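Contents: one structure, followed by commentary.
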Amino acid sequence: WGDKITDIRKVHEESNAQPEPEFAPEISAKSLGLETVEAQLQYVRDNAMELKQKMEDCGAVVFRDFELMKTQDGFQDFYNALGMKVCLDPLHSVSARHGTE
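So for the sequence shown, our numbering puts the first residue at 477; every next one is plus one.
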């Protein structure tokens, strides 16, 4: 699972010495002046790399006041604009199944 850790206490101390990232920064379409779905989509396209990096560094990003993601098509446009890779729901194979006929 990776390199052998010979001194876990040292690794722990080094980890604790790092500044903690902000958890779940908020991005508001209203405060950015993004009044239309098209403007919101363009913002996501233009900032995709930065947004994905924030997701990785902070664990999540909260999008406020975005109309874009309130519909299925809009969410898919948002997801595609970020350049995210589609993945299968890990629980898809354990969903409810028909019992007997």
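Yeah, the Cβ is synthetic: ideal placement off N, Cα and C, and Gly gets one too.
Since the structure is predicted, the reported quantities are computational estimates derived from the model, not experimental observations.
Measure from the alpha carbon of residue i to the alpha carbon of each residue in the options, then state which is nearest.
i	options	result
Gln518	Leu564, Pro566, Gly559, Cys563	Gly559
Ile503	Gln516, Asn492, Glu496	Gln516
Thr512	Lys486, Asp533, Lys546	Lys546
Leu508	Gly478, Asn523, Gln529, Glu496	Asn523
Pro495	Asn556, Asp533, Asp479	Asp533
Which residue marks the beginning of the alpha helix (DSSP H) containing residue i, and which one marks its end?
i	result
Phe542	Looking at the DSSP string, Phe542 is not in any alpha helix (DSSP H), and its letter there is neither H nor E.
Cys563	From DSSP, Cys563 is part of no alpha helix (DSSP H); its letter is neither H nor E.
Gln494	Premise fails: Gln494 is in no alpha helix (DSSP H) and is neither H nor E.
Glu511	No alpha helix (DSSP H) holds Glu511; DSSP gives it neither H nor E.
Ala536	Element bounds for Ala536: n/a, residue is neither H nor E.
Please tell me whether residue i and residue j are closer than 9 Å, where the distance is taken between their beta carbons.
i	j	result
Asp499	Gly535	Position check: residue 499 holds Phe in this sequence, whereas Asp was assumed. Yes; because the gap between Cβ atoms is below 9 Å, this pair is in contact.
Val520	Leu544	yes
Lys486	Asp541	no
Val538	Pro497	no
Please state whether DSSP places residue i in a helix, a strand or coil.
i	result
Glu502	strand
Lys480	coil
Gly550	helix
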